[in-house]
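Numbering (mature numbering (1 follows the signal peptide of the UniProt record, and there is no 0)), first residue to last: -24 to -1, 1 to 295. All C-beta atoms in this analysis are idealised placements derived from N, C-alpha and C, irrespective of residue type, glycine included. This structure is a prediction, so every number in the text was calculated from the model and none was measured. Reviewing the structure listed below.
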């Protein structure tokens, strides 16, 4: 009975020792895993520096083409329109006959065919002539139509008076005045030189805009009426400004706050709030703060980065 009890007393300490070593080993492994450093992914970015450019603050407004000088060709008697009928787009000269009307009395009595009697001075054929050189904009009556005295037959416009009608918001009126130069940007990319001609006497009460006319300078291409264009008017004289590429300047959803990401060291970029000025299609003026030529600004890969973001510079970006 003594021998089994002795064996049990010897084995029990050994088992306790093994359990203690296993627990210690497990705790050591857990501690090792917790102490492993977490490697954050770094964004691939390009960098550039501030640049000094000559900028002009430009006001962009909408306008439509128009022919303000129009003449209505009207019937001067009651009768029938005779052929040939003019066509829309036809050029007419001052004094040229555009429509011919035969009075209803002449048609009944066939006065136009009685040419042998010299005492017959009236044939009943009335010619409607254009008052000035122009282009036929509309043809309202065709050959054979019956017209009343004073009824409109067609409409001509004076091509030499072609221009654009510009609506200027009341808040921008101080930047627009008669005689001012401007640029007219057509939908196909062509740019015409223009000048603000005159201010019209009425304003739109619902949207509070003042109407001006714009006259193109130089050769005028053939353009239709009611063509929507963009008019660019300089609000300020050209001035030197510190600028960055548009992609370097970030903003919030309401475009009320702007910032850039500046490289703090080789692998960290920080968020720097900025105040912007004139914005051009590819450059943005930075009013504050004043960056030096040594400050490296993220040009690409900066979208969505948090403050003190981990980055990796792949190559210098264009200035």
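Between the C-alpha atoms of residue 231 and residue 252 there is a straight-line separation of about 11 Å. If only complete runs of 3 or more residues are kept, the stretch 172 to 203 shows the beta strand (DSSP E) at 185 to 192, in order along the chain. Of the residues 34, 56, 117 and 22, the one whose Cα lies closest to the Cα of residue 100 is 56. The residue from 229, 80 and 281 with its alpha-carbon nearest to that of residue 244 is 281. The three-state reading of DSSP puts residue 166 in coil, since its state is none of H, G, I, E or B. Check the Cα spacing between residue 110 and each of 75, 204 and 69: the tightest is with 69.
Between residue 140 and the set 114, 193 and 28, the nearest pair of CA atoms involves 193.
Judged by DSSP in its simplified three-state form, residue 146 adopts helix. Taking the CA atoms as reference points, residue 285 sits about 11 Å from residue 279. DSSP places residue 113 within a strand segment (E or B) once states are collapsed to three. Looking only at 214, 218, 20 and 35, the smallest Cα-Cα distance to residue 264 is reached by 218.
Under the DSSP definition of a beta bridge, residue 220 partners with 260. Linking residue 169 to residue 44 through their CA atoms gives a straight-line distance of about 19 Å. Comparing C-alpha distances from residue 195 to each of 154, 239, 226 and 137 shows the shortest one belongs to 137. CA-to-CA, the gap between residue 50 and residue 77 works out to about 11 Å. The beta-bridge partner set that DSSP reports for residue 29 consists of 217. For residue 242, no beta strand (DSSP E) segment is defined, and its DSSP state is neither H nor E.
Taking C-beta atoms under 8 Å as the contact rule, residue 283 and residue 246 qualify, at a distance of about 6 Å. The C-beta separation of residue 38 from residue 173 comes to about 17 Å, leaving the pair out of contact by the 8 Å criterion.
Residue 249 has 235 as its beta-bridge partners, per DSSP.
Within the model, the alpha-carbon separation for residue 228 versus residue 222 is close to 14 Å.
Ranked by Cα distance from residue 29, the options 288, 258, 271 and 290 are led by 258.
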